[in-house]
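J.: Using this note's numbering, the first residue of the sequence shown is number 295, and each one after it goes up by one.
Okay, here's the structure, questions in a sec.
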Amino acid sequence: MPDSNFAERSEEQVSGAKVIAQALKTQDVEYIFGIVGIPVTEIAIAAQQLGIKYIGMRNEQAVDICAEELGNNVKPTVTLLGNIHAVTKQLLEELDKTPWQYPPESKWWKTLREKMKSNEAASKELASKKSLPMNYYTVFYHIQEQLPRDCFVVSEGANTMDIGRTVLQNYLPRHRLDAGTFGTMGVGLGFAIAAAVVAKDRSPGQWIICVEGDSAFGFSGMEVETICRYNLPIILLVVNNNGIYQGFDTDTWKEMLKFQDATAVVPPMCLLPNSHYEQVMTAFGGKGYFVQTPEELQKSLRQSLADTTKPSLINVMIEPQATRKAQDFHWLTRSNM
Numbered sequence: 295m296p297d298s299n300f301a302e303r304s305e306e307q308v309s310g311a312k313v314i315a316q317a318l319k320t321q322d323v324e325y326i327f328g329i330v331g332i333p334v335t336e337i338a339i340a341a342q343q344l345g346i347k348y349i350g351m352r353n354e355q356a357v358d359i360c361a362e363e364l365g366n367n368v369k370p371t372v373t374l375l376g377n378i379h380a381v382t383k384q385l386l387e388e389l390d391k392t393p394w395q396y397p398p399e400s401k402w403w404k405t406l407r408e409k410m411k412s413n414e415a416a417s418k419e420l421a422s423k424k425s426l427p428m429n430y431y432t433v434f435y436h437i438q439e440q441l442p443r444d445c446f447v448v449s450e451g452a453n454t455m456d457i458g459r460t461v462l463q464n465y466l467p468r469h470r471l472d473a474g475t476f477g478t479m480g481v482g483l484g485f486a487i488a489a490a491v492v493a494k495d496r497s498p499g500q501w502i503i504c505v506e507g508d509s510a511f512g513f514s515g516m517e518v519e520t521i522c523r524y525n526l527p528i529i530l531l532v533v534n535n536n537g538i539y540q541g542f543d544t545d546t547w548k549e550m551l552k553f554q555d556a557t558a559v560v561p562p563m564c565l566l567p568n569s570h571y572e573q574v575m576t577a578f579g580g581k582g583y584f585v586q587t588p589e590e591l592q593k594s595l596r597q598s599l600a601d602t603t604k605p606s607l608i609n610v611m612i613e614p615q616a617t618r619k620a621q622d623f624h625w626l627t628r629s630n631m
């Protein structure tokens with residue numbers, strides 16, 4: 295092949311990164327979230343040149359769709375496996391043809407309403423407790439009081455996520471993000487960042503309220519740098535009980551360490567007491583609050599919502615042995631694996 299022809303063909307060559315970016319653009323992709331590295335860096339640059347926004351993350355997030363998981367938790371009457379958009383569209387089309395709803399006067403509905411009232415009463419009783427340190431329900435009650443109606447609610451953790459579902463209310467569809475039926479940890483800040491990027495573009499002034507357990511926050515806490523780098527409208531609340539499920543207070547911690555090294559005597563679920571996670575936020579230029587009382591929680595959340603110039607992290611200390619109310623069904627607490 296003559297050299298001139300070779301040079302001409304070389305000029306026409308397009309990098310794989312540009313091909314991928316162009317393919318994403320033709321599919322109306324507006325945002326890319328990723329970890330910088332080869333080949334992500336080249337794709338990100340090519341995508342930005344085409345007008346696609348790139349958000350560089352600190353922690354890899356993963357989504358796994360596995361048919362073998364169907365029915366692992368509770369045996370279903372019917373299982374559906376397929377593309378979520380196609381299956382949802384088919385279900386809606388069938389419901390349009392034959393509208394149906396579960397009879398409101400049925401025994402099932404009656405039992406469910408009674409259980410809802412019972413749960414609400416139990417939650418209100420726990421939320422009304424004045425003792426310090428606070429419990430989960432007291433914290434969530436005061437958060438719920440100030441939540442903007444149009445905010446996105448992200449919750450992550452064990453007790454934090456489970457109790458948060460019952461107390462922290464979302465009023466609009468697609469405005470609650472959590473791990474669902476899976477115990478996935480580390481996704482909360484990723485969810486919050488994705489929601490915040492879209493909200494910042496499409497609904498200026500809309501807040502993302504991300505409520506994390508202290509253990510859950512540890513999985514992807516360095517995403518705080520990402521939040522500050524892009525100045526995203528996120529308020530993080532770390533519900534801190536000094537441990538995974540449960541921890542110990544400072545005095546108990548010090549007593550344990552008098553006997554042996556921490557590796558020998560500290561239970562595996564314990565974390566350092568009174569860790570100042572809010573300083574992670576201030577280290578990157580955001581606002582941080584360390585709170586121990588309902589009044590401090592109310593004030594810090596009010597200030598965070600009022601200041602739209604930067605993200606915030608409120609580190610909320612609760613009773614280290616605080617837990618959720620007893621569960622009636624073993625499948626809420628026991629794996630079938």
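Yeah, the Cβ is synthetic: ideal placement off N, Cα and C, and Gly gets one too.
#1: Give a yes or no on contact between the stretch 558 to 572 and the stretch 530 to 550, applying the rule of three or more CB pairs nearer than 8 Å.
#2: Assuming Val-533 is part of the beta strand (DSSP E), what are its boundary residues?
#3: Keeping to the same chain, check which residues put their C-beta closer than 6 Å to that of Met-611; ignore five residues upstream and five downstream.
#4: Name the residue from Asn-353, Pro-561, Asn-377 and Val-372 whose alpha carbon lies nearest to the alpha carbon of Cys-360.
#5: Using DSSP with H/G/I as helix, E/B as strand and the rest coil, what is Lys-391?
#6: Would you kindly work out how many angstroms separate the C-alpha atoms of Arg-459 and Gly-477, rounded to a whole number?
#7: Rank Ala-488, Pro-498, Leu-462 and Gln-615 by C-alpha distance to the C-alpha of Phe-542 and give the top, closest one.
#8: Compare the C-alpha of Trp-501 against each of Ile-314, Cys-445, Ser-606 and Gly-482 and name the closest.
#9: Grouping DSSP H, G and I as helix and E and B as strand, with all else coil, what is Ile-612?
#10: Nearest-angstrom Cα distance between Phe-578 and Pro-370?
#11: At the level of alpha carbons, what is the spacing between Thr-520 and Pro-561?
#12: Considering only C-alpha positions, which residue in the set Gly-499, Tyr-465 and Glu-324 is nearest to Lys-604?
#13: On the criterion of 16 or more Cβ atoms from any shown chain inside 10 Å, does Gly-310 qualify as buried, or is it exposed?
#14: Span of the beta strand (DSSP E) holding Val-491?
#15: Which class does Cys-522 belong to by DSSP, given the choice of helix, strand or coil?
#16: Comparing alpha-carbon positions, which option in Asn-568, Gln-384, Tyr-465 and Tyr-539 lies nearest Lys-548?
#17: For the pair the stretch 307 to 323 and the stretch 334 to 347, tell me if three or more CB-CB distances fall below 8 Å.
#18: So within the stretch 431 to 463, which uninterrupted beta strand (DSSP E) runs reach at least 3 residues, ignoring any that extend past its ends?
#19: Decide if Val-518 is buried, meaning its Cβ has at least 16 other Cβ atoms within 10 Å, or exposed.
T.: Reading it off the structure:
#1: yes
#2: Note, Val-533: beta strand (DSSP E), 528 to 534.
#3: Pro-427, Asn-534 and Gln-586
#4: Asn-377
#5: Residue state, collapsed to three classes: helix.
#6: 14 Å
#7: For Phe-542, the nearest C-alpha among the options comes from Gln-615.
#8: Cys-445
#9: Reduced to three states, the DSSP call for Ile-612 is strand.
#10: 47 Å
#11: 32 Å
#12: Gly-499
#13: exposed
#14: Premise fails: Val-491 lies in the alpha helix (DSSP H), 482 to 496, not in any beta strand (DSSP E).
#15: helix
#16: Asn-568
#17: Contact between the stretch 307 to 323 and the stretch 334 to 347 is established, with three or more Cβ pairs separated by less than 8 Å.
#18: Counting only runs of 3 or more, we get 446 to 450.
#19: buried
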